[in-house]
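*Asks:* First, the structure itself, so that you have it in front of you.
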């Protein structure tokens with residue numbers, strides 16, 4: 001077999017192999033079964049994101065909560081309808097967290113604000129102003145209108161607990177950590193608080209309160 005015939009043979013073999021791989025890939029796509037069943041939520045979502053974009057989202061058993069780059073917060077039921085909507089922040093919403101009862105929502109934004117939302121009264125109040133972008137927030141799962149804790153952090157490089165206490169004690173703030181880099185993630189589970197910046201720390205909150 002001369003060089004010309006050999007090159008032609010190799011080319012045919014390459015095309016045959018490529019065709020086989022492509023057919024195999026198409027078959028695998030047709031037979032692929034997702035790990036989770038899902039259903040697309042339509043409703044008004046297309047209208048919401050026509051002029052805005054999603055920056056953060058969380059889900060609960062009852063609804064979805066979306067934060068956007070323009071500072072809006074939308075509470076969406078599982079059929080895609082808007083249950084509540086707020087224009088809370090003047091910059092992107094970066095973090096969201098809900099209480100276990102779904103009575104309260106806490107949000108943090110690039111405008112430096114930490115804001116508490118009451119789902120029933122639809123009232124809002126600013127819990128803190130970092131003067132720097134807030135990147136992570138969390139809330140006591142059992143938070144009530146009269147007592148509970150909210151935790152926030154961000155580019156200020158401070159992990160701050162904002163505690164609401166019953167009268168006559170009132171509110172107080174406690175800095176648990178500072179100077180170890182920007183805080184990007186806060187996760188609350190029972191009495192434990194996990195925080196990620198340049199390191200990952202786990203706090204037992206009962207030791208501080």
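In UniProt numbering, the protein residues as written are 1 to 209.
Idealized CB from N, CA, C, for every residue including glycine.
If you scan the segment 68-96 from start to end, which runs of the beta strand (DSSP E) of 3 or more residues do you find wholly inside it?
*Replies:* 72-77 and 82-87
*Asks:* With which residues is residue 188 paired in a DSSP beta bridge?
*Replies:* Position 188 of the chain shown, counted from the first residue, corresponds to residue 188. Residue 188 is bridged by DSSP to 193.
*Asks:* Under the DSSP definition of a beta bridge, which residues are partnered with residue 104?
*Replies:* In the chain shown, counting from the first residue as 1, residue 104 sits at position 104. Answer by DSSP bridge pairing, in chain order: 118.
*Asks:* For residue 144, tell me which candidate among 158, 155 and 99 has the shortest Cα-Cα distance.
*Replies:* Counting from 1 along the chain shown, the entry for residue 144 is found at position 144. When the alpha-carbon of residue 144 is set against those of 158, 155 and 99, the nearest one is in 99.
*Asks:* For residue 68, does the count of other Cβ atoms within 10 angstroms reach 16, so buried, or fall short, so exposed?
*Replies:* Here residue 68 refers to the residue found at position 68 of the chain shown. Under this definition residue 68 is a buried residue.
*Asks:* Could you tell me how far apart the beta carbons of residue 117 and residue 107 are, in whole angstroms, since I believe they sit closer than 8 Å?
*Replies:* Locating residue 117 in the chain shown gives position 117, where the first residue counts as 1. Locating residue 107 in the chain shown gives position 107, where the first residue counts as 1. The Cβ separation is near 7 Å, so the contact holds.
*Asks:* Give me, in chain order, the residues of the same chain whose beta-carbon lies closer than 7 Å to that of residue 231; leave out the 5 immediate sequence neighbours on both sides.
*Replies:* In the structure displayed, the chain extends from 1 to 209; residue 231 sits before or after that span and is not available.
*Asks:* Can you have a look at residue 191 and say buried or exposed, based on whether 16 or more other CB atoms are within 10 angstroms of its CB?
*Replies:* Taking the first residue of the chain shown as 1, we reach residue 191 at position 191. Exposed: under 16 other Cβ atoms inside 10 Å.
*Asks:* Run the CB neighbour count on residue 206, radius 10 Å, all protein chains shown included, and call it buried at 16 or more, exposed below.
*Replies:* In the chain shown, residue 206 corresponds to position 206, counting from 1. Around the Cβ of residue 206, a 10 Å sphere holds fewer than 16 other Cβ atoms; the residue is exposed.
*Asks:* Scan the segment 144-186 and note each continuous beta strand (DSSP E) run of 3 residues or more that stays entirely inside, going in chain order.
*Replies:* 148-154, 158-164 and 172-178
*Asks:* Return the first residue and the last residue of the alpha helix (DSSP H) that residue 211 is part of.
*Replies:* Residue coverage of the chain in this structure runs from 1 to 209, which leaves residue 211 outside it and unanswerable.
*Asks:* Could you say which of 119, 132 and 36 lies nearest to residue 182 if we only look at CA atoms?
*Replies:* As a first step, residue 182 must be located in the chain shown, where it is residue number 182. Among 119, 132 and 36, the Cα nearest to that of residue 182 belongs to 132.
*Asks:* When you compare only the Cα positions, how much space is there between residue 203 and residue 115?
*Replies:* Taking the first residue of the chain shown as position 1, residue 203 is located at position 203. Taking the first residue of the chain shown as position 1, residue 115 is located at position 115. As the crow flies, the alpha-carbon of residue 203 is around 23 Å from that of residue 115.
*Asks:* Around the C-beta of residue 40, are 16 or more other C-beta atoms found within 10 angstroms, so that it is buried, or is it exposed?
*Replies:* Taking the chain shown and counting its residues from 1, one reaches residue 40 at position 40. Under this definition residue 40 is an exposed residue.
*Asks:* Leaving out five residues before and five after residue 83 in sequence, what residues of the same chain have Cβ atoms less than 8 Å from its Cβ?
*Replies:* To locate residue 83, count along the chain shown from 1; it is residue 83. So the list reads 63, 75, 76 and 77, once near-sequence residues are dropped.
*Asks:* Please report the distance separating the alpha-carbon of residue 134 from that of residue 52.
*Replies:* For the purposes of this step, residue 134 is taken as residue 134 along the chain shown, with counting starting at 1. For the purposes of this step, residue 52 is taken as residue 52 along the chain shown, with counting starting at 1. Cα to Cα, residue 134 sits roughly 20 Å from residue 52.
*Asks:* At which residues does the beta strand (DSSP E) containing residue 54 begin and terminate?
*Replies:* If you number the chain shown from 1, residue 54 lands on position 54. Segment 54-59, the beta strand (DSSP E) holding residue 54.
*Asks:* Cβ atoms of residue 89 and residue 71: under 7 Å apart, would you say?
*Replies:* Residue mapping note: residue 71 aligns to position 71 of the chain shown, counting from 1. Residue mapping note: residue 89 aligns to position 89 of the chain shown, counting from 1. Cβ distance < 7 Å, so residue 71 and residue 89 count as in contact.
*Asks:* Go ahead and pull the three-state DSSP assignment for residue 41.
*Replies:* On the chain shown, position 41 is the one that residue 41 refers to. If DSSP states are grouped into helix, strand and coil, residue 41 belongs with coil.
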